[in-house]
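This note's numbering puts the first residue of the sequence shown at 92, with every later residue one more than the last. A quick write-up on the structure given underneath.
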Amino acid sequence: MTMQAYTRLTSTGGARRLRRLAEAALDHYDGLDDVQLTLLSNTEHALFRVDVSSASRTDGRRFVLRIYHPDAYDAASVAVELAWLAALCRETELVVPEPVPARDGALRVSAEAADVPEPRACALFRWVDGRRLKARLSARALERVGRFVAKLHRHAEQYIPPTGPSGQSWSWERVFGDGSVVGPASTDPLLAPEQRAVFTAVAELLRDAMEELGAAPDVFGLIHADLHSSNYLFHGKEVRAIDFEDCGRGYYLYDLAVTIDELEAELADRAPELRAALLRGYREVRPLSERHEALLDLFVAMRLAELVRWYGSTDNAALRVTAGTLLAQAMHQMTKLVSSSK
């Protein structure tokens, strides 16, 4: 098949072909001869659940295979993610997706199939059991989430990654810098002039906050960067986290802000109680000063700006529509933030 023919496929049609590539990827691993593949997602990268017969492998019967889309694959960022996950599994009691080495010891493999136009990088992870609480989140559950996040940051604070490129960064430049549709210098029509003025004011406040915080290891290091309620699971009384795909260097406050942003958007009537519980649990494990807590709303605004930037930049027309909804939410929060700063 030609590249053009492949790109014209529906998501379902593309996934059907990627299934054959997934089978080729699994050939790089021992004990995965008799498996059942179930598609979990095929939006950006493709995810397949891999169920293994007990006769094939004895150290775990379920895995997740991620097939990276070439347009969204950054080798350095993936290397950082896999190395950190492996270290978390070795050095902490936290339950996160453990990368599975291939037969040659590599944490990434390259696979191809005749009807997919290019080779794809792939990684295999051990399955993480758990359930999502979503609207049923309680204060007690958020305390547990807070403790988990604090333990994650405690590890990041002392973690020394392997030498090499540092991967992605959750920086001011990423969200508001040159090329960003929500940046002060942008002329993209996504933002009306009065909206861009608010975004610019928030950008300046955030820049000042980052300069105040500095970049010492106690405030800045590897973060998950996408800790919303679909990515933290509950297994008994234990919190677990999945989907470290966005992990990179950033402010620890941003991790908390991602969680808080979702609480305020989806559980607004209970958000103050749940936010307090999240921070209470965090402080049981790791310090969080009152001054740093006061800066959290700025990092919530950064999260909102990042979502508007991402959805507003995509070539997918259906996803770009979402930017309008997020923009309305962002303007509501940011206008209050700018007004309170005067």
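Note that the Cβ used here is the ideal one computed from N, Cα and C, for glycine as well. Here the structure is a predicted model, which means the values were calculated and not measured.
Item: Ala214, buried or exposed, once every other Cβ within 10 Å from all chains shown has been counted against 16; Value: buried
Item: Distance between beta carbons of Val236 and Leu344, contact taken as under 8 Å; Value: Not quite, the Cβ-Cβ distance comes to about 15 Å (not below 8 Å), so this is no contact.
Item: Complete runs of the beta strand (DSSP E) confined to the stretch 329 to 371 [at least 3 residues]; Value: 329 to 332, 339 to 342
Item: Euclidean distance between Cα positions of Arg377 and Glu234; Value: 13 Å
Item: DSSP-derived helix/strand/coil call for Ser201; Value: strand
Item: Exposure of Asn407, with buried meaning 16 or more beta-carbon neighbours within 10 Å; Value: exposed
Item: Contact under 9 Å by Cβ, Arg108 with Ala204; Value: yes
Item: Straight-line Cα distance separating Tyr402 from Ala367; Value: 30 Å
Item: Simplified DSSP assignment, three categories, for Leu313; Value: strand
Item: Nearest to Leu282 (by Cα), restricted to the options Gln424, Leu418, Leu297; Value: Leu418
Item: Touch test, the stretch 161 to 175 against the stretch 252 to 261, Cβ-Cβ under 8 Å, three pairs minimum; Value: yes
Item: Spatial neighbours of Gln95 in its chain, beta-carbon cut-off 8 Å, leaving aside the 5 residues before and after; Value: Only weak support is given to the placement of Gln95: the predicted model assigns it a pLDDT of 41, under 50, and the value that follows is read from those uncertain coordinates. For Gln95, where only same-chain residues beyond five positions count, there are no Cβ hits under 8 Å.
Item: Euclidean distance between Cα positions of His315 and Pro280; Value: 31 Å
Item: Where the beta strand (DSSP E) containing Thr129 begins and where it ends; Value: 126 to 133
Item: Simplified DSSP state of His160, which is helix, strand or coil; Value: coil
Item: Alpha-carbon to alpha-carbon, Glu172 and Val272; Value: 27 Å
Item: Coil, strand or helix - Ser431 by DSSP; Value: helix
Item: Per-residue DSSP class, three states only, for Asp195; Value: coil
Item: Distance between Arg231 and Asp360 (C-alpha atoms, nearest Å); Value: 17 Å
Item: Span separating the alpha-carbon of Thr278 from that of Gly270; Value: 10 Å
Item: Ala241 - DSSP class collapsed to helix/strand/coil; Value: helix
Item: N- and C-terminal bounds of the alpha helix (DSSP H) containing Arg217; Value: It is not in any alpha helix (DSSP H) - Arg217 instead sits in the beta strand (DSSP E) that spans 211 to 217.
Item: C-beta atoms of Ala421 and Leu387 nearer than 9 Å; Value: no
Item: Alpha carbon of Arg153 to alpha carbon of Val143, nearest angstrom; Value: 6 Å
Item: Separation of Arg194 from Ala414, as counted between CA atoms; Value: 43 Å
Item: Outcome for Gln249 when other beta-carbon atoms lying within 10 angstroms are tallied against a minimum of 16; Value: exposed
Item: Neighbour-count burial assignment, Met92, 16 or more Cβ in a 10 Å radius; Value: Any reading at Met92 must be qualified, since the residue scores a pLDDT of 38, below 50, and its modelled position is unreliable; the value itself is stated next. By the 10 Å Cβ count, Met92 comes out exposed.
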